[in-house]
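Line order of the protein sequences matches chains A and B.
Heads up, the first sequence is in this note's numbering, so the first residue is 1 and it goes up one at a time.
Heads up, the second sequence is in this note's numbering, so the first residue is 1001 and it goes up one at a time.
Don't be surprised by glycine CBs; every beta carbon is placed ideally from N, CA and C.
A short worksheet on the structure shown next.
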Amino acid sequence: MSGPALRLAVELDGDGAHPAAWRRAAHSPDHLLTPRRVARVAAAAENSGFTLITLEDGALPPGGTPDVVGRIGAVERAAFLAASTSVVGIAPVVPVTYAEPFHVSSQLASLDHISVGRGGWVVGEEERPEAARVWGRPHVDGEAARARESRDGVEVVRALWDSWEDDAVIRSVATSRYLDRDRLHYVDFTGDAYAVKGPAIVPRPPQGQLVVLGRPDRVPAGQLDVALVEGRDLAAVAEAAAGAGTPRTFAEIEVALDTAHATAEERVADLEQHAPWTDRGRLRHIGSASGLAVLLGRLRGVVDGVRLHPLVLDEDLPELSRLVLPHLFERRLAVRPLPGASLRTHLGLERPANRYAAGPDIEALQETR
Amino acid sequence: MTRTDPLDVPRPDAQLHFGVFFQGVNHWTIWSDPASGSQIAPANFRRVAQTAERGLFDAFFLGEGLRLREVDGLIHELDVAGRPDAITQLAALAAVTDRIGLVSTSNTTFNEPADLARRLSGLDLLSEGRAGWNVVTTDNAWTGANFRRGGYLDHADRYRRAEEFLTVARALWDGWADGAVSGAVGAPAWAAPGAVDRVRHRGTQFDVDLAPTLPRSGQGHPVIFQAGDSGEGRDFAARNADVVFSAHGNDFDDALAFAEDLRRRLLAVGRPEDDLRILPGTEIIIGATEAEALEKKRWIRLQQVTPATALGVAGLLWGLDLSDRDADGPLPKEDPVVAENDGSFGARRVADPRVVVAEWREKAEANGWSLRETVIALGPQRGHVGTPAGLADRFAHWVRHGAVDGFNVTPYLIPDGLDDIVDLLVPELQERGVYPTEYTGRTLREHLGLREPLTHRSTTDGRQAG
């Protein structure tokens, strides 16, 4: 297969993709929710050459006992990591099924400022009925209803990011004006269930718009920068990617690798004694590092990137870092992110024009010539 | 240099606490100065927080605003505006600071307790026990226009909601037993069975039935700050807060009266009278001599109150568009317009402008002030002006007599506005024994010398039951 080099993303929530992953983690359970642990895993991913880190979230406990029931909010983790990393993109999962889009917009815009343009957003959903109680709102019942909330939420958030033009802060000493109100805009969104006035309180993010990732069946393609596509095999992934209709596509891949101490099969079997590895209909690679590298090589040209979900972070990240990513980089099958560039740049996405900005007055410019 | 005899005062061992308030929307930050930096660049937040930490400040504060201010239906252009989400910004600062407390102003009206409690808990864990929450409320529908819920709370309800909000947040924070999560590799379960309590709360404002997702930090839970100054606000603080931001920081007698009133209210609800820290907001202007400090103050005020800002402030008071007047000329001759709703939101409003205008006219005439000079002289009087030694003497006197526990300092310049305080004033305070020479604890609660959270005390500790 040929095609542009892949971009590599990795999901870093908890101790890994398997619900019982904590049992094979290199640390005791009470270290999971500490800043040192959060920073250490992200540093490993950044050093390995991943372009993007994603952080799963939800308002309810991530699992049930005896597995992990604790989780620091993804936006807080993302902001913390933005200040302790320097190159890698960071995208928290934020559901807008119940959350206030105004707050979500502010939080994500702030993340982009803090990371100087490395922010992304994985649009999630709150599926469990109990989540409604967290927000004091009626249950949003069913896939269609949740998709509607996601659609409206993403639209509001994106509109608010544009509600300040890039040059809204004018600092005009002569007139005492810090802002130019003509460059600030009410979004005046009115959806099925609610209205939002605007403008934002946070200036436009450095990237203009953060990179928005999500499932193409849940968020309209026109609102996504990157579709996260699923499929049990290459053909299914290729079909999903071809039909996504988004600027970029990333394949979701669950990964368990052989290590010096146990084969991937053995490691999976060990965890399966405790809990099943939830089948989400995604590509799954259980085996050698070289086998994964071959699979990823075949995905080049099919998708623009992949998001890896390692079985156990403490075991699989070192193998990815030691064997898989260097192999891909050496053969230019994948690329590392470059210091100083935005996440959009890393993904080959343009910085979007502001929907509200009039643009330069061409006639006036010509007249001054 | 005059020195207070440390033994001849009510609180000879009292220590001064400093916080820094990184302002959001305001016209007190001198953005027009060449030394003024970006209000949104992460480097400047980091610089202010790290300077404060070098000066052994207890806390770094961020404010909150949920809608841009308007005057007569137009977005106000004269103020600094545009700020990050507080908790998000503070979580980033947790990564680049070690000791300083990180306090978020977060609104109880346009948040939900389970969500906000979780976000604050996350900040508390990522900072290892350095989080604080400045509890504020909003009562206007205008802000509500940015939210799903819209505007819906009247004045009385917003405090009722705030109090119940705190009750729910604390229950969620206390939902995990200490040591709930296993400390051993190979443990049979991630958390001990039964160590996480489901929180069931059904009240007039909230109906929550939820398993909280986070353990307590080293300080128990985030330190609670409160700023309301009405009788209702003070009672709320006495019942709930660990720290009060007061507006009583300019005049010693006024500050002492406020502190004594608050201590009475604390005793009335069964708390020890030293259970609350009082930190008035203030601006500190330092000069090598008194005269130099006063000259600096004059310059600062003229930068803060530009002709356009003076006309804007006066315009709000008069209820008229005065933007075409001469700020350096006399006060407007017109009578102020008293309107039920003047179309100005989030901006300054006064109860009866006729009374204020009459006072302004009288003082302007007596002193020969222009409109701009009047706005400067009679506007909010902020802060302390003097030499490092003179200010240190004054602050030592204030804190040893129980008028304040410290100050929440508002720098007039970002990002360098704390430098002279840290480099010049702090050493003078240390020399007088009223300021720490090192951080003695790790958590914000320890820095402030607070007891454990209110919900963690048995009723015999003095907390009113229920």
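Would you list the residues sitting across from W1176/B in a DSSP beta bridge?
According to DSSP, W1176/B bridges with V1196/B.
At the level of alpha carbons, what is the spacing between M1001/B and Q1430/B?
Note that M1001/B scores 43 on pLDDT, short of 50, meaning its location in the model is unreliable and no value can be drawn from it.
Give a yes or no on whether the minimum CB-CB distance between F80/A and chain B is below 7 Å.
At least one chain B Cβ lies under 7 Å of F80/A.
Does DSSP put N47/A in a helix, a strand or coil?
Looking at N47/A - three-state DSSP - the assignment turns out to be helix.
Identify every run of the alpha helix (DSSP H) within the region 1180 to 1240 of chain B, keeping only runs that are complete inside it and at least 4 residues long; order them along the chain.
Segments of the alpha helix (DSSP H) lying fully in the region 1180 to 1240 of chain B: 1231 to 1240.
Would you mind reading off the limits of the beta strand (DSSP E) that contains T54/A?
That run of the beta strand (DSSP E) goes 52 to 55.
Alpha carbon to alpha carbon, how far is L1093/B from R331/A? Give it in angstroms, no decimals.
Their backbone Cα atoms lie some 39 Å apart in a straight line.
Along the alpha helix (DSSP H) that carries A1358/B, what are the first and last residues, could you check?
Counting along the chain, the alpha helix (DSSP H) containing A1358/B begins and ends at 1353 to 1367.
Anything in chain A within Cβ reach of R1118/B, meaning under 8 Å, just list it in chain order.
Residues of chain A passing the Cβ test: A59, G73.
According to the neighbour-count rule (16 or more other Cβ atoms, all chains shown, within 10 Å of its Cβ), is A190/A buried or exposed?
Per the sequence shown, residue 190/A should be read as Thr rather than Ala. Exposed is the call here.
Give the interface partners of E76/A over in chain B, defined as CB-CB distance under 8 Å, in chain order.
Per Cβ cutoff of 8 Å: I1087, T1088, A1091, R1119, G1122, L1123, L1126.
Let me see if you follow: with CB-CB separation under 7 Å, is E1446/B close to chain A or not?
By this cut-off, E1446/B is not an interface position.
Which partner residues does G1019/B have in the DSSP bridge list?
Beta-bridge pairing links G1019/B to A1059/B, N1408/B.
Among H309/A, D162/A, E165/A, T263/A, which has the Cα closest to the Cα of E11/A?
When only C-alpha atoms are compared, the closest one is H309/A.
Does DSSP put H1076/B in a helix, a strand or coil?
Three-state DSSP puts H1076/B in coil, outside helix and strand.
Measuring only between beta-carbons, confirm whether A145/A sits less than 7 Å from chain B.
So no, A145/A is outside the interface.
Return the Cβ separation of E1290/B and G1386/B in integer angstroms, given the expectation that the two are a contact with Cβ distance under 8 Å.
Correct: roughly 6 Å between the Cβ atoms.
Using only the alpha-carbon positions, how far apart do L32/A and P326/A sit?
So the alpha carbons of these two residues sit roughly 28 Å apart.
Write down the C-beta distance between L1102/B and V1434/B rounded to the nearest angstrom, noting that I regard them as a contact closer than 8 Å.
Not quite, the Cβ-Cβ distance comes to about 24 Å (not below 8 Å), so this is no contact.
Return no unless some Cβ of chain A is closer than 7 Å to the Cβ of N1367/B.
It does not: the Cβ of N1367/B has no partner Cβ on chain A nearer than 7 Å.
Expressed to the nearest angstrom, what Euclidean distance is found between the alpha-carbon atoms of D1154/B and L1320/B?
Going by the C-alpha atoms only, they are around 28 Å apart.
Alpha carbon to alpha carbon, what distance is there between R1277/B and V1244/B?
Cα-Cα distance, rounded: 6 Å.
Does the separation of the CB atoms of I1284/B and K1296/B fall below 7 Å?
No; because the gap between Cβ atoms is not below 7 Å, this pair is not in contact.
Quick one: which residues of the region 1144 to 1159 of chain B get their C-beta closer than 7 Å to a C-beta of chain A? List them in chain order.
Of all residues in the region 1144 to 1159 of chain B, A1145, N1146, F1147, R1148 have a Cβ within less than 7 Å of some Cβ in chain A.
Flag this pair as yes or no: are the beta carbons of G1065/B and G1024/B separated by less than 7 Å?
Yes, the pair counts as a contact, with Cβ atoms nearer than the cut-off.
Give the range of the beta strand (DSSP E) segment to which A256/A is assigned.
Per DSSP, A256/A belongs to the beta strand (DSSP E) from 248 to 257.
Given a cut-off of 7 Å on the beta-carbon distance, is the pair V371/A and L283/A in contact?
The question about residue 371/A has no answer, for chain A in this structure spans 1 to 369.
At a Cβ threshold of 7 Å, is D217/A touching chain B?
No, D217/A does not count as interfacial toward chain B.
Can you check DSSP and say which residues form a bridge with W1133/B?
In DSSP, W1133/B forms a bridge with S1104/B, I1224/B.
By Cβ distance, which residues of its chain are closer than 6 Å to G44/A, with the 5 residues on each side in sequence left out?
Just to set this straight, residue 44/A is Ala in the shown sequence, not Gly. Here the set comprises L317.
So is R1348/B buried or exposed if we call it buried at 16+ other beta carbons inside 10 Å?
Bear in mind that a pLDDT of 49 at R1348/B, under 50, signals an unreliable position, so the number given afterwards is only what the model happens to contain. Exposed.
Kindly list the residues whose CB is nearer than 6 Å to the CB of R1119/B, restricted to its own chain and excluding five residues on each side of it in sequence; keep chain order.
Here the set comprises I1087.
I'd like to confirm the pairing. Which residues does DSSP put opposite P95/A in its beta bridges?
Note: P95/A sits in a beta bridge opposite G124/A.
With a cut-off of 7 Å, does the C-beta of V1185/B fall near any C-beta of chain A?
Yes - at least one Cβ of chain A is within 7 Å of the one on V1185/B.
Terminal residues of the continuous beta strand (DSSP E) containing V87/A?
Note, V87/A: premise wrong, no beta strand (DSSP E); not H, not E.
Report the option in E315/A, G348/A, A109/A, L295/A whose CA atom is closest to the CA atom of L328/A.
L328/A has its Cα closest to that of L295/A, out of E315/A, G348/A, A109/A, L295/A.
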